[in-house]
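Input: a single structure, listed below in structure tokens.
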Amino acid sequence: MMGRQNNKIAIVGGGPGGLTLARLLQLAGAQVEVYERDYNKDVRVQGATLDLHEESGLAALRAGGLLEESKRNFRPGADKIVIVNGQAKIFYSEHEEAVGDKNDFGSPYFRPEIDRGPLRNILLESLQPDTVIWDSQFMSMEKQDNGWLLHFRNGRRVYADLVIGADGANSKIRPYVTDIKPFYSGVTALEGNVYQSERTTPVIHQLLRGGKIFAFGNAQVLIVSSKGSGDLTFYVSWMSDEKWMLNNGLDYGDKTQILTWFQSEFRGWDNVWCELFEQAEVPFIPRPVYCMPLDQT
Ligand SMILES: Cc1cc2nc3c(=O)[nH]c(=O)nc-3n(C[C@H](O)[C@H](O)[C@H](O)COP(=O)(O)OP(=O)(O)OC[C@H]3O[C@@H](n4cnc5c(N)ncnc54)[C@H](O)[C@@H]3O)c2cc1C
Numbered sequence: 066m067m068g069r070q071n072n073k074i075a076i077v078g079g080g081p082g083g084l085t086l087a088r089l090l091q092l093a094g095a096q097v098e099v100y101e102r103d104y105n106k107d108v109r110v111q112g113a114t115l116d117l118h119e120e121s122g123l124a125a126l127r128a129g130g131l132l133e134e135s136k137r138n139f140r141p142g143a144d145k146i147v148i149v150n151g152q153a154k155i156f157y158s159e160h161e162e163a164v165g166d167k168n169d170f171g172s173p174y175f176r177p178e179i180d181r182g183p184l185r186n187i188l189l190e191s192l193q194p195d196t197v198i199w200d201s202q203f204m205s206m207e208k209q210d211n212g213w214l215l216h217f218r219n220g221r222r223v224y225a226d227l228v229i230g231a232d233g234a235n236s237k238i239r240p241y242v243t244d245i246k247p248f249y250s251g252v253t254a255l256e257g258n259v260y261q262s263e264r265t266t267p268v269i270h271q272l273l274r275g276g277k278i279f280a281f282g283n284a285q286v287l288i289v290s291s292k293g294s295g296d297l298t299f300y301v302s303w304m305s306d307e308k309w310m311l312n313n314g315l316d317y318g319d320k321t322q323i324l325t326w327f328q329s330e331f332r333g334w335d336n337v338w339c340e341l342f343e344q345a346e347v348p349f350i351p352r353p354v355y356c357m358p359l360d361q362t
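Take 66 as the starting number for the sequence shown in the working numbering and just add one per residue.
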């Protein structure tokens with residue numbers, strides 16, 4: 066940052082990446098603002114847990130002076146996996162494994178889990194007031210003076226000397242620096258969220274044991290993740306046409322329709338999974354899965 070202290074930096078996207086970078090830049094004395102598409106901090110249910118690794122997530126929290134605060138929100142046991150088939154028959158359970166030194170900071174195998182919501186709050190609270198400008202969906206930008214003029218969907222225009230794209234997989238900033246595009250993986254997922262799973266989905270809750278379930282069968286997958294709030298998030302995923310999300314005629318706000326679809330698409334899977342669909346909050350969220358080419362630089 067030497068000699069650039071007065072430069073105005075715009076980070077587009079307030080996910081874990083953008084907020085962490087904003088924190089590190091502010092510690093270095095930079096002038097930085099984060100432009101986030103979400104209407105406000107609470108408008109969207111945050112997904113389940115993220116696992117933090119020594120050389121990346123934990124290193125960033127340490128550098129940001131936020132490790133101690135984060136430790137208060139880590140969820141021991143949330144990384145424990147149960148692997149089952151479509152009939153919920155258990156093939157492998159980490160709950161039965163000895164943990165050893167995997168559970169220590171400094172161990173390369175230690176991957177503490179933190180829920181996205183609390184992580185986001187820690188990062189937001191670490192920033193100077195009004196660093197995040199909500200309801201700012203980036204649309205385009207053009208060169209102006211030594212920097213860029215950014216245009217947002219709400220009509221706002223902002224000048225920045227330096228622009229950083231942290232707007233996720235479908236970044237609108239990426240095309241300004243490279244032609245590399247994400248490509249469809251061939252897999253689509255459908256996400257559901259269930260509140261207070263101990264009460265609402267007791268059978269799955271017991272299998273979950275505060276960790277994660279991975280169910281595999283017929284080249285199809287169901288993943289369930291617990292959350293510290295007592296809620297759970299689940300995803301079913303399967304090989305599908307890229308445009309399935311648009312062309313299937315389903316109403317994502319209709320639980321009965323989605324359950325009927327699941328029973329037909331995941332033929333042969335046990336009825337034990339049905340309570341997830343019956344108890345989920347609507348709407349379900351379709352997520353075609355994209356990846357970046359492995360040979361990109
Ligand atoms: C289904 C699923 C499960 C996952 N599970 C795990 C896991 O268990 N553990 C793990 O470590 N990782 C997991 N990941 C990966 C993890 O989610 C990503 O690595 C992480 O979210 C990337 O952070 P990010 O800040 O780069 O982007 P994102 O989290 O995608 O954040 C991007 C932000 O930019 C905003 N934005 C987007 N477009 C615009 C725009 N035009 N203008 C302004 N703002 C915009 C978005 O609203 C969002 O807040 C999972 C990912 C998915 C999809």
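Virtual Cβ for every residue (Gly too), placed ideally from N, Cα, C.
- H216 carries a strand assignment under DSSP once its states are collapsed to helix, strand and coil.
- Within a 10 Å sphere around the beta-carbon of M357 sit fewer than 16 other beta-carbons, which makes this residue exposed.
- Secondary structure note for P353: it is in no alpha helix (DSSP H), and the uninterrupted beta strand (DSSP E) holding it is 346-356.
- For L131, there is no enclosing beta strand (DSSP E), as DSSP marks it with neither H nor E.
- Using a Cβ distance threshold of 7 Å, L89 and G129 count as a contacting pair.
- Per DSSP, the continuous alpha helix (DSSP H) segment holding V268 begins and ends at 267-273.
- For K237, the Cβ falls inside the 6 Å cut-off from some heavy atom of ligand 1.
- Around the Cβ of Q271, a 10 Å sphere holds fewer than 16 other Cβ atoms; the residue is exposed.
- Around the CB of K277, 16 or more other CB atoms lie within 10 Å, so the residue is classed as buried.
- With a cut-off of 6 Å, the C-beta of V97 is classified as distant from ligand 1, since no heavy atom of the ligand falls inside that distance.
- In this structure, A225 and I74 form a Cβ contact; the two beta carbons are roughly 6 Å apart against a cut-off of 8 Å.
- In the three-state reduction of the DSSP assignment, V223 falls in the strand class.
- In the DSSP assignment, the residues bridged to E256 are Y300, I350.
- Beta-bridge annotation (DSSP): Y174 is not paired with any residue.
- Beta bridge pairing from DSSP links F279 with I148, I288.
- Shortest gap from the CB of L115 to any heavy atom of ligand 1: under 6 Å.
- Relative to the non-hydrogen atoms of ligand 1, the Cβ of E101 comes within a distance shorter than 6 Å of at least one.
- Cβ contact annotation for F156 (same chain, cutoff 6 Å, sequence separation greater than five): I148, in chain order.
- Distance from the Cα of Q96 is smallest, within the candidate group G83, E119, N72, for N72.
- Within the same chain, and ignoring the five residues on either side of V286 in sequence, the residues whose Cβ sits closer than 6 Å to its Cβ are S302.
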